[in-house]
Amino acid sequence: MKLRHENWGAWARVDGGDDSIRGTLVALDHDALRALGIAPTTPTATNHSAPLEVHMAVNARCGAGCKSCYLDAL
12 MKLRHENWGA
22 WARVDGGDDS
32 IRGTLVALDH
42 DALRALGIAP
52 TTPTATNHSA
62 PLEVHMAVNA
72 RCGAGCKSCY
82 LDAL
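Residues in the sequence shown are numbered from 12 upward in steps of one, following this note's numbering.
Have a look at this one:
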């Protein structure tokens, strides 16, 4: 699991395990981090990590046809 700490908690990306959850990005608040045994930290300008994932849509005309895609909602 990779973490990107934020003021409110952290983004977590699950990179291993079952293929159905691989690459899943979830938001965890401070309580959830503590429940996982991870000490919450507040990022500063010098220790802020890189993004875990980037989504970019140049336009809303993607032809992939994914059922769960939000781009068709435009």
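Idealized CB from N, CA, C, for every residue including glycine.
Asked	Found
Three-state class that DSSP yields for L44 in the structure shown	helix
Rounded C-alpha distance that separates L47 from H16	14 Å
With 16 other Cβ atoms within 10 Å as the buried cut-off, status of A38	exposed
C-beta contact flag for W19 and L36 at 9 Å	no
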